[in-house]
Amino acid sequence: MRLLKVTAAEGGHSMNAEIVTRLERSFSTDDADRRKALKLLVEAISILDKGQR
Numbered sequence: 008m009r010l011l012k013v014t015a016a017e018g019g020h021s022m023n024a025e026i027v028t029r030l031e032r033s034f035s036t037d038d039a040d041r042r043k044a045l046k047l048l049v050e051a052i053s054i055l056d057k058g059q060r
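With this note's numbering applied, the sequence shown corresponds to residues 8 to 60, in that order.
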């Protein structure tokens with residue numbers, strides 16, 4: 008968790024943005040189910056991020 012926080016800070020973005028970036032890289036773009044899962048995860052993280060403001 009600490010490495011994730013440091014990496015996000017070094018990149019100038021939030022931990023949530025770092026998580027989304029890593030998730031996007033880990034999922035194959037040709038797999039429809041994985042794309043749907045990624046979309047849902049991105050939406051969930053966005054909602055959580057808005058709640059922290």
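In this text, a Cβ means the ideal position worked out from N, Cα and C, and glycines have one as well.
Asked	Found
Close beta carbons around G19, own chain, < 7 Å, minus the five adjacent residues each side	none
Nearest neighbour of V27, chosen from G58, K57, S53, Q59 [CA to CA]	S53
Rounded straight-line distance, which links the Cα of M8 to that of E25	11 Å
Cβ-based neighbour list, L30, same chain, cut-off 7 Å, excluding 5 preceding and 5 following	L45, L48
Reduced DSSP secondary structure (H/G/I, E/B, other) of G18	helix
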